[in-house]
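Numbers given in the working numbering equal positions in the sequence shown, counted from 1, plus 681.
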Amino acid sequence: VRVIIELEEITKRFEEKGVENIINETHEIAEFFRKGLKEIGLDYPDYPLSNAVTPVIFPDNNAEIVYRRLIDEYGFTVNPSGGAYAKSMFRVAHVGNITLKDTEELLEAIKNIIK
């Protein structure tokens with residue numbers, strides 16, 4: 682039932698905003714996030730990325746710690762990596778009901794945690 686409700690919500694969003702506008706907004710959020718990562722000393726892969734998600738690389742291998750604190754202390758949800766990348770990377774989605782303000786707050790939380 683929840684999936685049907687979510688499909689209805691996204692369909693309404695597409696109808697209200699238009700697909701092109703949603704694609705452009707998602708691109709803007711992804712670019713804003715990636716620029717912000719560089720500004721706080723983090724990185725992402727140099728291969729072509731989708732606007733939907735950004736893998737965040739943690740050179741100090743503290744991705745698991747940052748991930749846990751984002752959830753426990755700030756209430757953010759990001760996507761952890763597993764296996765060999767569990768300590769060095771997690772992924773941040775830019776799709777859905779996410780705004781530039783949300784993204785700015787996430788960057789600030791990451792910045793506070795890594796300092």
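Ideal placement from N, C-alpha and C gives every residue a C-beta, glycine not left out.
The beta carbon of F771 lies closer than 7 Å to those of V737, A744, Y748, V759, N760, P761 and S762 in the same chain, with the five residues before and after it left out. Under the three-state reduction of DSSP, D783 is assigned to helix.
Note that the C-beta distance between H775 and T707 is below 7 Å. Judged by pairs of C-beta atoms under 8 Å, the region 711 to 729 does not touch the region 683 to 702, as fewer than three such pairs exist. It is roughly 10 Å from the alpha-carbon of V684 to the alpha-carbon of E690. If you look at A774, you'll find it in the beta strand (DSSP E) that goes M770 to A774. Annotation: K768 to D741 spans about 9 Å, alpha carbon to alpha carbon. In the assembly as shown, V682 is an exposed residue. Its beta-carbon has fewer than 16 other beta-carbons within 10 Å.
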